Amino acid sequence: MAAAKDAPYNLVYWPGIPGRGEHIRLALEEAGAKYTDTAFSEGGVDEVLAFVQGNVPDDGINPPVLAPPILKHADVVISQTPNILQYLGSHLGLVPDADKDRNGLYRVNALALTALDGLSNEPHDCHHPIASGLYYEDQKPESKRRSEDYVKNRLPKFLTYFERVLQSKSSGDGPWLYGGRLTYADLVLFQCLDGLKFMFPKAVAKLEREGKHSKVFALHQAVAERPRIAAYLESSRRQKYSNGIYRYYEELDIEP
Ligand SMILES: N[C@@H](CCC(=O)N[C@@H](CS)C(=O)NCC(=O)O)C(=O)O
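With the UniProt record's numbering, the residue at position 244 of the sequence shown is 244, and numbering never jumps.
This is the structure in C-alpha cells:
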C-alpha cells in the first residue's frame, strides 16, 4: 500500500517539550493538515518508547528508528527531522514546485540542514558539551564556556549566513529564504530563532538591536504572522519551552 493521499499524519514525539517535534508541527500547522500527536494522546509516551525500544515498526518495510521525531503516514514510518520535513514539504506544498524548479527541493533542504546544524544542534550541545547522556548539572563549567563561545562566535556566524541568503538573488521577493515563497526552511529558521530568543534572550536582543540581521528577524516575524501559524502559537498545542533543546538558565544568559 502506498502512502494514501488522504491518510492522517501521525507525529510520534515526547510529551512535555516542543523539542525537535516542533519543526514537524509547524509544517503540519502551516499546511492545515490533519494530524495526531503523541504529545497529547493517552499512552503517548508508551508509543514513543515502543519505537525507541525497537518493538515497532516490525512490518517488513520500515526499519527501526533510533529517536523521535517520527512520522507515520499510511505505510510510511520515517525519522530524522529534516527527512520528515522533506517528505511533508513535498506532500504539503512547502517546497518549490518541481515542474518549475527541479532541484529547488535540495536547495531548500540545504538551508534547513544548515539552520538545524547551527541553530538547533549546536544550542543543544551548549547544555551537553561533554556528553548528551549527562545532565546539564553534570557539565556546568563546560556548558558556560561553550555557551560563551556560541553567543560570541557561532550564533552571529549563522545569523550572518542567513542574512546573506535573504539578501541573495535566489531568495526572490518577500521575506522568504528561497524562491520568493514560504518553504519548510523558513519554518525551521523561525523555530530555531524563536527557541534561541528563549534560551539566550540577552544575546539575541543585542544582535537584534545591532540591526545587522534585520531580514532574519523580519522572517521570524513574517512566519509568526502567517494566519495558521499565529492561531497555532496562541493555541494550547504550542507547548512552552522547558527542558528540551531550548532551555533558559540565568547563568548562561550571557550578553556578548
Ligand atoms: N538527528 C535527529 C536527532 C533526533 C534526536 O536526538 N531526538 C531526541 C529528541 S529531540 C531524542 O530523543 N534522542 C534520544 C537519543 O539521542 O538517545 C533528528 O534531527 O531528528
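C-beta: ideal position from N, C-alpha, C; glycine also.
Computed from a predicted structure; not experimentally measured.
For Ile70, there is no enclosing alpha helix (DSSP H); the residue is part of the beta strand (DSSP E) that begins and ends at Ile70 to His73.
Per the coordinates, the alpha-carbon of Gly16 lies some 22 angstroms from the alpha-carbon of Ala131.
Per DSSP, Asp37 is one residue of the beta strand (DSSP E) stretching across Tyr35 to Asp37. The three-state secondary structure of Ser171, taken from DSSP, is helix.
In the structure shown, Arg181 adopts extended strand secondary structure according to DSSP, grouped into three states. Secondary structure at Leu66: coil, using DSSP grouped into helix, strand and coil. Below 8 angstroms, too few C-beta pairs join the region 163-174 and the region 117-132 to call them touching: fewer than three. According to the DSSP assignment, Val45 belongs to the alpha helix (DSSP H) that extends over Gly44 to Val52. In its chain, beyond the 5 residues on either side, Ser147 have a beta carbon closer than 6 angstroms to the beta carbon of Leu252. In this structure Asp6 is exposed. Its beta-carbon is surrounded by fewer than 16 other beta-carbon atoms within 10 angstroms. Taking a 10 Å sphere around the C-beta of Ala4, we find fewer than 16 other C-beta atoms and assign the residue as exposed. Taking 7 angstroms as the cut-off, one finds no heavy atom of ligand 1 near enough to the beta carbon of Arg25. In terms of side-chain proximity, the C-beta atom of Trp176 is found no nearer than 7 angstroms to any non-hydrogen atom of ligand 1.
Secondary structure at Ser132: coil, using DSSP grouped into helix, strand and coil. Within 7 angstroms of the C-beta of Thr160 there is not a single heavy atom belonging to ligand 1.
Glu255 and Tyr161 have their C-alpha atoms roughly 21 angstroms apart. Here the alpha carbon of Asp59 sits roughly 9 angstroms from the alpha carbon of Asp75. The Cβ atoms of Pro64 and Val12 lie no closer than 8 angstroms to each other. Using a C-beta cut-off of 8 angstroms, the region 138-145 makes no contact with the region 185-204, since fewer than three inter-stretch Cβ pairs fall below that distance. Comparing alpha carbon positions, the residue from Phe158, Arg181, Asp194 and Leu233 closest to His213 is Phe158.
For Gln80, the distance from the CB to the nearest heavy atom of ligand 1 is below 7 angstroms. Residue pairing for Leu11: DSSP places it in a beta bridge opposite Asp37 and Leu71. Contact check for Met199 against Arg238 fails: the beta carbons are separated by 8 angstroms or more. The DSSP-derived three-state label of Ser79 is strand.
Counting only runs of 3 or more residues that sit fully inside the region 98-129, no beta strand (DSSP E) segment turns up.
Rounded to the nearest angstrom, the gap between the Cα atoms of Gly32 and Arg209 is 34 angstroms.
Annotated three-state conformation of Glu163 is helix, per DSSP.
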